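One structure below.
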Ligand code: ATP
Ligand code: MG
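Residue numbers (the numbering used here): 2 to 368.
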């Protein structure tokens with residue numbers, strides 16, 4: 002899988018830019034605030050239909066402009082694809098693949114997959130559960146269209162139920178609508194749990210291998226899926242999961258109404274990371290945190306390869322310069338095959354380490 006060409010029009014600080022890429026390694030360098038991350042962000046958009054940095058397409062439109070266009074020429078599954086996104090211009094977002102309108106943004110993931118890695122991800126282990134959920138969701142949405150659809154539906158229901166809980170003190174009649182929301186959330190929630198359990202199982206084995214290699218075999222990395230308490234087996238049958246989710250909601254009915262928050266459901270899931278059996282969030286040192294985060298990200302890439310048969314595009318945003326030489330070398334050796342994009346600052350001596358095309362970005366222009 003690779004991106005051969007990308008074209009940006011009024012996207013972030015790019016007015017109009019077309020770039021042809023190297024099939025293996027692309028080093029993107031430039032001073033701060035010139036557009037390096039924006040270029041990687043455009044690639045993320047072409048693989049998921051949206052940015053990893055913002056939920057609002059408006060932010061992606063170049064200041065004072067009406068809309069943006071992105072186009073990518075992608076080689077995957079032994080075929081050529083042209084994916085296009087057009088947003089703004091007072092219309093609904095339009096996505097086409099080889100000229101055919103896509104039904105959902107997730108159709109883009111059938112063509113292009115990306116794994117994005119930035120310095121903030123090095124804290125993935127130490128942050129709250131939402132960062133780890135986002136990591137799992139981003140991977141799964143690209144791998145499983147049914148998961149992406151269920152997640153969108155679940156988030157819609159969750160927002161709606163939260164509004165009801167917020168307003169029901171003034172409008173007690175709204176409480177009568179809750180059972181319907183609870184049932185639909187249990188049904189879509191069970192789909193999320195089904196996929197998360199399987200993904201985390203694969204992640205655990207790939208990440209443990211990566212962590213072992215990177216730490217010189219000193220520590221054992223373990224992952225544990227933490228979901229709704231009443232769920233006895235996340236691998237269990239769909240019907241049973243729904244029953245158990247409904248039971249948890251029943252137990253929290255009054256607490257939800259009095260706290261005006263949605264307390265029950267897989268939107269609270271977490272991925273517990275253990276180092277030699279100890280919770281990494283509480284006990285890991287900085288170095289251990291970095292190695293574990295690195296292992297998770299590289300493991301996600303391996304899973305894409307296993308499921309899809311091709312490596313996804315690896316986007317390393319400023320992350321290599323944050324790593325010590327030993328971990329840098331580990332990442333670079335791990336890349337093996339597949340296309341990679343690496344951003345770095347001018348003064349970094351990284352380009353001497355890497356073989357590939359070097360691009361310089363200055364004020365939204367690539368040379
Ligand atoms: P750093 O090395 O600091 O990470 P960078 O090259 O990755 O820098 P980017 O994050 O790509 O920088 O941002 C480049 C510039 O794009 C920023 O100065 C930002 O203000 C600008 N920018 C962001 N969104 C828009 C937009 N919608 N329209 C115009 N410019 C924008
Ligand atoms: Mg940047």
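Beta carbons are placed, not taken as given, at the ideal position from N, Cα and C, and that holds for glycine.
Source: prediction; values computed, not measured.
{"Item": "Within 9 Å, strictly: CB atoms of residue 262 and residue 178", "Value": "no"}
{"Item": "6 Å Cβ shell around residue 90 - same chain, five flanking residues per side excluded", "Value": "67 and 68"}
{"Item": "Bridge partners - residue 358, DSSP secondary structure assignment", "Value": "27"}
{"Item": "Cβ pair count under 8 Å reaching 3, the segment 31 to 38 against the segment 359 to 368", "Value": "yes"}
{"Item": "Beta carbon of residue 125 nearer than 9 Å to that of residue 50", "Value": "no"}
{"Item": "Limits of the beta strand (DSSP E) - the one that residue 87 falls within", "Value": "80 to 89"}
{"Item": "DSSP three-state assignment for residue 364, whether helix, strand or coil", "Value": "coil"}
{"Item": "Candidates 184, 170, 295 and 167: closest to residue 154 by CA position", "Value": "184"}
{"Item": "The ligand ATP heavy atom lying under 8 Å from the CB of residue 58", "Value": "no"}
{"Item": "Closer than 8 Å: residue 168 CB and nearest the ligand MG heavy atom", "Value": "no"}
{"Item": "With 16 other Cβ atoms within 10 Å as the buried cut-off, status of residue 386", "Value": "Examination of residue 386 is not possible in this model, given that the chain is present from 2 through 368 alone."}
{"Item": "Any non-hydrogen atom of the ligand MG within 8 Å of residue 363 CB", "Value": "no"}
{"Item": "Nearest-angstrom Cβ-Cβ length linking residue 48 and residue 61, presumed shorter than 8 Å", "Value": "The Cβ separation is near 15 Å, so there is no contact."}
{"Item": "Whole-Å CB distance - residue 192 paired with residue 151, under 8 Å assumed", "Value": "4 Å"}
{"Item": "Check your reading: residues with Cβ closer than 5 Å to the ligand ATP heavy atoms", "Value": "13, 14, 33, 34, 35, 36, 37, 38, 39, 63 and 64"}
{"Item": "heavy atom of the ligand GDP below 8 Å from residue 344 C-beta", "Value": "In the structure on display, the ligand GDP does not appear, and the ligands it does have are the ligand ATP and the ligand MG."}
{"Item": "C-alpha distance - residue 339 paired with residue 20, whole-angstrom precision", "Value": "19 Å"}
{"Item": "Helix, strand or coil at residue 345 [DSSP, three-state]", "Value": "strand"}
{"Item": "Distance between residue 364 and residue 136 (C-alpha atoms, nearest Å)", "Value": "30 Å"}
{"Item": "Neighbourhood of residue 197 by C-beta, 8 Å cutoff - its chain only, sequence neighbours within 5 removed", "Value": "137, 141, 226, 228, 235, 267 and 270"}
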